[in-house]
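Under full-length UniProt numbering, think of the first position of the sequence shown as 1, with each following residue one higher.
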Amino acid sequence: MNNSSKKRIGILTSGGDCPGLNAVIRAVVKCASHKGWEVYGIPYGTDGFIDIANGDRQPEDLKLYEHGYDIPGLLQGLDVLQFLSGSVLGSLSKGNTGDPEIAEKIIQGYNRLELDALIGVGGDGSLEILYQLAQKGQWKLIGVPKTIDNDVPFTERSVGFDTAVDTVTEALYDLTFTAASHERVMVVEVMGRDAGHLALHAGIAGGADVILIPELTPIVNEEVVHNICHKIARLHQEKRKFALVVVAEGVKHQDRRQSRAIGDYVAKQIKAYSKHLCDRDAIEFCGMQEVDTRVTVLGHLQRSGTPSSFDRLLATSFGIKAVQLIDREQYNRLVVWEGGKVESKPLEQAIALISQAHQQQRCPSPVDSNGFMVQSARSLGIYVGDPSAWNTPQPPAPTVEVATVEEASQSSL
Ligand code: F6P
């Protein structure tokens, strides 16, 4: 442990990667170097500490320097780091402190580096794990929130979210014209394991007609499928022959045991149910027998786009704030974005909320179902999964079962 004002700090990125991680690392290295501190980049999250403890990595090899990532030729000296997605340190998706021997090894590695403090860039899961390790090992920890899901408590924005919103918004724009050419319903499955922030924000920005998020539509049941079809029928009546449906991956099938491929499920349900409505000769659903659906799963494209200017700025200011907190010896804080400012909150409080949510298997920072974004979507006429938002009669009791996933998958798309 270093007692002088010249500090020795570590930084690691943990959990699923996202755009902007390198911008955090860059800002930390620049800011700390200007203070004459040493920065150690821990590779692959806490796994890097295990390697150090085992002697598989040497501390001096982990030192990060300003302009440490220069490129040759006339571009030498150009600091490209903030432009690049991913993490130059690598990340660890599945951390585990459950095993006390592994936890001991991690702490051993940390101690070998003789760090004054550690900056952990992570989402809700990683921050919880790092906090538990910090408690055990008496580390001085600063948390920096990152996740395209934007579901870390106390912060209005996490690094990576803004870029992911742009990626999905652009995909919706690009899908609009092929949807229109073929008069199709395009179902777009968006990431967001427990939270619908990404689907909601991008859905509004990208002109979606339907947005399904776990906070408002935890399950796609007959009523939800009916309401989606009703929305599509309305569009048809208004002479719009195509539609965009955004569904967050956290939304579940009617058969809760199935949690994957929700986009595919929704597309098949819309096709099967719209035909059923048409067959029933209800006037508003005429023309629905030909509803053609296609599904696009955006997947990890959402995690790797070139960081947006907002994400670069957010990541940079988060990195600088983390160094400032260490400089002031204000430890165990979570850097946050609140009301247009970078602030910090007690990590203990954030972790308490996260742990409680995880125990109850719910999202630590979900979409506010009465919040401005949901209200905006409704004001625009977007179906967001709440039947009461629609001035339509209750759905007629279906005379046939909505096709199961298996049945629907047999029908040709
Ligand atoms: O937590 C961020 C996230 O992008 C989720 O939205 C998604 O479910 C998950 O990561 C995917 O993780 P992996 O890269 O392990 O498939």
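C-beta atoms are modelled at their ideal positions from N, C-alpha and C, and glycine is treated no differently.
- Runs of alpha helix (DSSP H) lying entirely within the segment 188-234, each at least 4 residues, in chain order: Correct list: 197-205.
- Query: Which parts of the segment 68-142 are runs of the beta strand (DSSP E), unbroken and 3 residues or longer, counting only runs that do not cross its ends?
  - Reply: Runs of the beta strand (DSSP E) inside the segment 68-142: 117-122.
- Message: Whether or not the segment 356-369 and the segment 177-186 are in contact is what I'm after, with contact meaning three or more pairs of Cβ atoms, one per stretch, closer than 8 Å; do they touch?
- Response: Result no; under three Cβ-Cβ pairs closer than 8 Å.
- Task: Count the other C-beta atoms from every protein chain shown that fall within 10 angstroms of the C-beta of Q76, then say buried if there are 16 or more, exposed otherwise.
- Result: Classification of Q76: exposed, given that the 10 Å Cβ count is below 16.
- Find the nearest neighbour of D255 within the set H230, F154, V28, I219, judged by alpha-carbon distance. Distances from the CA of D255 to each of H230, F154, V28, I219 were compared; the closest alpha carbon is that of I219.
- Listed by chain order, which residues have C-beta atoms less than 6 Å from any heavy atom of the ligand F6P? Checking every Cβ against the heavy atoms of the ligand F6P under 6 Å gives G16, S93, G123, T147, I148, D149, M191, G192, R193, E249, R303.
- Message: Taking its Cβ as the centre, do 16 or more other Cβ atoms sit within 10 Å of T392, making it buried, or is it exposed?
- Response: For T392, the pLDDT reaches just 41, beneath the cut-off of 50, and the residue's location in the model is therefore unreliable, although a value from the coordinates is still provided. Label assigned to T392: exposed.
- Message: According to DSSP, K63 sits in a beta bridge with which residue or residues?
- Response: Paired residue(s): Y40.
- Near G86, what residues of its chain come up, given a Cβ to Cβ distance below 6 Å and the 5 sequence neighbours on each side ignored? When the five nearest sequence neighbours on each side are left out, the beta carbons in the same chain lying within less than 6 Å of the beta carbon of G86 are those of D17, in order along the chain.
- Task: Pull up the distance between the alpha-carbon of P387 and that of V224, whole angstroms please.
- Result: Summary for P387: the model assigns pLDDT 49, below 50, so the residue's position carries little reliability; its value from the coordinates is reported in the next sentence. The straight-line gap from Cα to Cα measures roughly 8 Å.
- Strand pairing of P145, partner residues [DSSP]: Per DSSP, the beta-bridge partners of P145 are G122.
- Task: Please state whether DSSP places W390 in a helix, a strand or coil.
- Result: Since pLDDT at W390 reaches only 34, below the 50 mark, its modelled position is unreliable, and the value read off the structure follows with that caveat. For W390, the secondary structure class from DSSP, reduced to helix, strand or coil, is coil.
- With a CB to CB cut of under 7 Å and the five nearest residues on each side skipped, what residues in its chain are close to A322? Within the same chain, A322 has close Cβ partners V28, I119, I142, V144, V335.
- Task: Spatial neighbours of W390 within its chain, please: CB distance less than 6 Å, with the 5 preceding and 5 following residues excluded, ordered by chain position.
- Result: Residue confidence is low: W390 scores 34 on pLDDT, short of 50, so the model does not pin down where it sits. No coordinate-derived value is stated.
- Message: Less than 7 Å between the C-beta atoms of G385 and L216, yes or no?
- Response: Between G385 and L216, the C-beta gap is smaller than 7 Å, which places the two residues in contact.
- Provide the residue span of the alpha helix (DSSP H) that contains V291, from first to last. V291 -> no alpha helix (DSSP H), and no H or E assigned at all.
- Task: Using beta-carbon positions only, say whether G196 and V367 come within less than 7 Å of one another.
- Result: Going by beta carbons, G196 and V367 fall inside the 7 Å limit.
- Task: For Y40, collect the residues of the same chain with a Cβ closer than 8 Å to its Cβ; drop the 5 residues on either side in sequence, then sort them by chain order.
- Result: R8, I9, G10, I11, P59, L62, K63, L64, L113, L115.
- Looking at the structure shown, is S344 part of a helix, part of a strand, or coil, going by DSSP? Of the three classes helix, strand and coil, the one that applies to S344 here is strand, per DSSP.
- Query: What first and last residue would you give for the beta strand (DSSP E) that runs through E338?
  - Reply: Per DSSP, E338 is one residue of the beta strand (DSSP E) stretching across 333-338.
- Quickly, what does DSSP pair I11 with across the bridge? List them, please. Looking at the DSSP assignment, I11 forms a beta bridge with G41, I119.
- Item | CA nearest to the CA of I351, picked from L133, A248, D279 | The shortest Cα separation from I351 among L133, A248, D279 belongs to L133.
- Environment of K239 [buried if 16+ CB atoms lie within 10 Å]: Around the beta carbon of K239, a 10 Å sphere encloses fewer than 16 other beta carbons of the protein chains shown; the residue is thus reported as exposed.
- Task: Using alpha carbons as the reference points, say which of E189, I42, M373 lies closest to L301.
- Result: With distances taken between CA atoms, L301 lies nearest to E189 out of E189, I42, M373.
- Message: Judging by CA-CA distance, which residue of I129, I25, S5 is the nearest neighbour of D79?
- Response: If we check each option's Cα against that of D79, I25 comes out closest.
- Item | Reference K275, options A315, H230, V295, G160, closest by Cα | In this structure, H230 is the residue among A315, H230, V295, G160 with its C-alpha nearest to the C-alpha of K275.
- Task: Take A377 and list the residues in its own chain whose beta-carbon comes closer than 8 Å to its own, dropping the five residues that flank it on each side.
- Result: Counting only Cβ-Cβ distances below 8 Å, and skipping sequence neighbours, we find L200, G203, I204, I211, V384.
- Task: For H34, count neighbouring Cβ atoms within 10 angstroms of its own Cβ and tell me buried if that reaches 16, exposed if not.
- Result: Here H34 is exposed: its Cβ has fewer than 16 other Cβ atoms, across all protein chains shown, within 10 Å.
- Do you know offhand how far Q269's Cα is from P72's? Taking the straight line from one Cα to the other gives about 54 Å.
- Task: May I have the straight-line CA-CA distance separating G20 from W139, to the nearest angstrom?
- Result: Answer to the nearest angstrom: the Cα atoms are 25 Å apart.
- Pull up the distance between the alpha-carbon of L244 and that of S369, whole angstroms please. Going from the Cα of L244 to the Cα of S369 covers about 21 Å.
- Query: Given E137, which residues of its chain have a CB within under 6 Å of its CB, disregarding the five upstream and five downstream residues?
  - Reply: Going by the sequence as given, residue 137 is Gly instead of Glu. Excluding residues up to 5 positions away in sequence, I107, Y110 lie with their Cβ nearer than 6 Å to the Cβ of G137 in the same chain.
- Item | Reduced DSSP secondary structure (H/G/I, E/B, other) of L353 | DSSP places L353 in helix when its eight states are reduced to three.
- Message: Within the continuous alpha helix (DSSP H) that includes V266, where are the two ends?
- Response: It spans 262-279 - the alpha helix (DSSP H) in which V266 sits, taken as one unbroken run.
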